[in-house]
Amino acid sequence: MTQKYILALRNERADSAVVRPYPNKADGEGVVLTYSFMTALPETYWTGNGNPASSFEAYSASERAVVRKALAMISSVANVAFVETTQADSDFAFGQYNIPGMTIGYADPLDSWKATGDVTMQSQVWLDSRLGLTTQNVLHEVGHVLGLDHTDEGQHRLSRADDNRSNTVMSYQGNAVNKLGPFDILALQEIYGAAPARTGNNTYVFGKDKLIWDGGGIDTISAASAKKAVKIDLDNGSWNYIGSKSSSLSKDGQVILSNSADIENLTGSRYNDNLSGNGLANKMLGGSGNDRITGDAGDDRLYGQAGNDVLNGGLGNDYLNASSGNDQLIGGWGADVLIGGSGSDRFTFSAPDHLGDLTSFDRIRDFTKSDKIDFRGMDANPDAAGRQKLKFTGNFATDDHFSAGRKGEFYYNKVSDKLVFDFDGDNVADHYFGVAGVNLMKSDYFLL
1 MTQKYILALR NERADSAVVR PYPNKADGEG VVLTYSFMTA LPETYWTGNG
51 NPASSFEAYS ASERAVVRKA LAMISSVANV AFVETTQADS DFAFGQYNIP
101 GMTIGYADPL DSWKATGDVT MQSQVWLDSR LGLTTQNVLH EVGHVLGLDH
151 TDEGQHRLSR ADDNRSNTVM SYQGNAVNKL GPFDILALQE IYGAAPARTG
201 NNTYVFGKDK LIWDGGGIDT ISAASAKKAV KIDLDNGSWN YIGSKSSSLS
251 KDGQVILSNS ADIENLTGSR YNDNLSGNGL ANKMLGGSGN DRITGDAGDD
301 RLYGQAGNDV LNGGLGNDYL NASSGNDQLI GGWGADVLIG GSGSDRFTFS
351 APDHLGDLTS FDRIRDFTKS DKIDFRGMDA NPDAAGRQKL KFTGNFATDD
401 HFSAGRKGEF YYNKVSDKLV FDFDGDNVAD HYFGVAGVNL MKSDYFLL
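Residue numbers for the sequence shown follow the UniProt record's numbering, beginning at 1 and rising by one.
Following this line, the structure appears as structure tokens:
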């Protein structure tokens, strides 16, 4: 989802055989750049926006402070370090003069030699001396130096709703700002990588910022204070929201995750949420409300808490605890632990592989007479026409109780507390599934 915003900001100059249109060797690679403040006119300069020689001025101490503050903002989110040096030795230099017309400033993008990553030539950043230096203008022009373009130029452009300075300093629309917008951060992090920051165990309040990014640690997004239901997907680059989804990030309640966020944990609201994990080991809490919580590839821990929830572990060896309410628990692949808690719960399996195998398998820890085990998604004999129901044959104290040639039979071993399955009809168990909480299983405990 974030890619279209990044494309709208990145310059569209093509690589040549030897030159890259950014001052680093490859996307995601950090860079150290030197900068300076012009104390005299450089030997060469562009005169397409008036002649800098006519009204050149050096930067005052306060103006230099504005520039340093703006550069620090960039370094705080992207892996770009700025080192101040002399005019002759710098990768880019700041100057100012009375620029005619409507132009506030301009700057040359920095190219680099592909072989070495070294900057090909010095960039010049010129700002209008009449207007007073602002953080916004410095960020905009340094954005050009680092390879960002205007939002209304080129093949990829922002929509009218998203083209504003709250989203990016590269826009000309909207009120003045004094910080980078979410699209700026996304684009700079794709080109240079994220800043070596936010590496601790952080908690991000969902909805506080339009963009959530992180640099490491075990982190949490919390929507506990949200005033409406939330939809949150922990996958990097995902679009998330409070209430309803909009086509524009500028609308209230819209939040995106950066392409390198890697968030582990998630807490929902007190409403009916839709929460999804990523490939990490996620811990997700639904809170009150009738929530849908879905894991992914990691070994996840899903807690439904209050309400009638749907918990789906996905891949991995997951722990699902629905707590109170009439819940549905879907272990998915892997050896999962399933706890329905109070209420009338349904444990759903749609394929033999979701049960596990003979050494590593799912286990229900608290089955009660009001619960159901749902096998309606399974076919006892896929080779026959239509869906063939599984058949429960009873409770036994030993194993080996299958009918010859009967596919899809299962029984309950009341000593080992597990269901034993023969799906291929060879009279040999091929899947186990643990069930604890009752002494004997009955046919009406199953949905077949």
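Glycine is no exception: its CB is placed at the ideal position from the N, C-alpha and C atoms.
Values in this document were obtained by computation on a predicted structure and should not be read as measured data.
Beta carbon of residue i nearer than 8 Å to that of residue j
i: D89; j: S123; result: no
i: L338; j: R376; result: no
i: residue 478; j: K114; result: Given a span of 1 to 448 for the chain in the structure shown, any question on residue 478 remains unanswerable.
i: S416; j: E409; result: no
i: D214; j: N201; result: no
i: V77; j: I185; result: yes
i: L448; j: K389; result: yes
i: residue 452; j: F56; result: Nothing can be reported for residue 452, as the shown portion of the chain is limited to 1 through 448.
i: A335; j: N321; result: no
i: N178; j: S129; result: no
i: N164; j: S250; result: yes
i: I221; j: L280; result: no
i: T85; j: T47; result: no
i: I256; j: S238; result: yes
i: P42; j: A93; result: yes
i: S443; j: F392; result: yes
i: V142; j: A70; result: yes
i: A261; j: N236; result: yes
Closest by C-alpha distance to residue i, when choosing among the options
i: V80; options: S360, N24, G181 and Y319; result: N24
i: S323; options: S350, T359 and R365; result: R365
i: Y411; options: A436, A404, A384 and M441; result: M441
i: Q3; options: D209, G386, E190 and R270; result: E190
i: L315; options: G307, D300, Q328 and D309; result: D300
i: M73; options: T47, L188 and A107; result: L188
i: I232; options: E264, D357 and L329; result: E264
i: residue 458; options: D444, L131, T398 and M170; result: Residue 458 is absent from the structure shown; the chain starts at 1 and stops at 448.
i: H156; options: L355, N11 and T393; result: N11
i: L234; options: Y204, S247 and D252; result: Y204
i: F421; options: T168, P352 and N175; result: P352
i: D379; options: A107, K245, E43 and D424; result: D424
i: N278; options: D291, L302, N272 and A385; result: L302
i: G101; options: G174, S54, G50 and Y192; result: G50
i: A224; options: A176, K245, L275 and N175; result: L275
Distance between residue j and residue i (C-alpha atoms, nearest Å)
i: S342; j: L139; result: 56 Å
i: R13; j: K227; result: 44 Å
i: Q136; j: A8; result: 19 Å
i: R64; j: T39; result: 12 Å
i: D400; j: A429; result: 8 Å
i: D327; j: N259; result: 33 Å
i: A229; j: S75; result: 35 Å
i: L358; j: M284; result: 29 Å
i: A194; j: G147; result: 16 Å
i: N282; j: P52; result: 57 Å
i: Y254; j: G340; result: Correcting the residue identity first, residue 254 is Gln in this sequence and not Tyr. Using only the alpha carbons, I get a separation of about 33 Å.
i: S288; j: A297; result: 25 Å
i: H431; j: D345; result: 23 Å
i: G268; j: L211; result: 18 Å
i: F82; j: S36; result: 10 Å
i: Y271; j: H354; result: 30 Å
i: E153; j: S159; result: 12 Å
Rounded distance between the beta-carbons of residue j and residue i, thought under 8 Å
i: P182; j: H144; result: In fact, because the Cβ distance is near 19 Å, the residues do not count as touching under 8 Å.
i: G325; j: G304; result: 7 Å
i: K369; j: V438; result: 7 Å
i: V435; j: F367; result: 5 Å
i: G293; j: D309; result: Note that residue 293 is Ile in the sequence shown, not Gly. The Cβ separation is near 7 Å, so the contact holds.
i: F396; j: N413; result: 6 Å
i: residue 452; j: S112; result: With the chain represented from 1 up to 448, any question about residue 452 goes unanswered, as that position is not in the structure.
Identity of the residues DSSP links to residue i by a beta bridge
i: N265; result: T220 and K283
i: D318; result: DSSP lists no partner for D318.
i: N240; result: V255
i: G356; result: F361
i: I185; result: None; I185 has no bridge partner.
i: G150; result: Reading off the sequence shown, one finds His at residue 150, where the question assumed Gly. According to DSSP, H150 bridges with nothing at all.
i: D424; result: D424 pairs with nothing; no bridge assigned.
i: V32; result: A81
i: S123; result: F92
i: A194; result: A78
i: T294; result: S276 and N312
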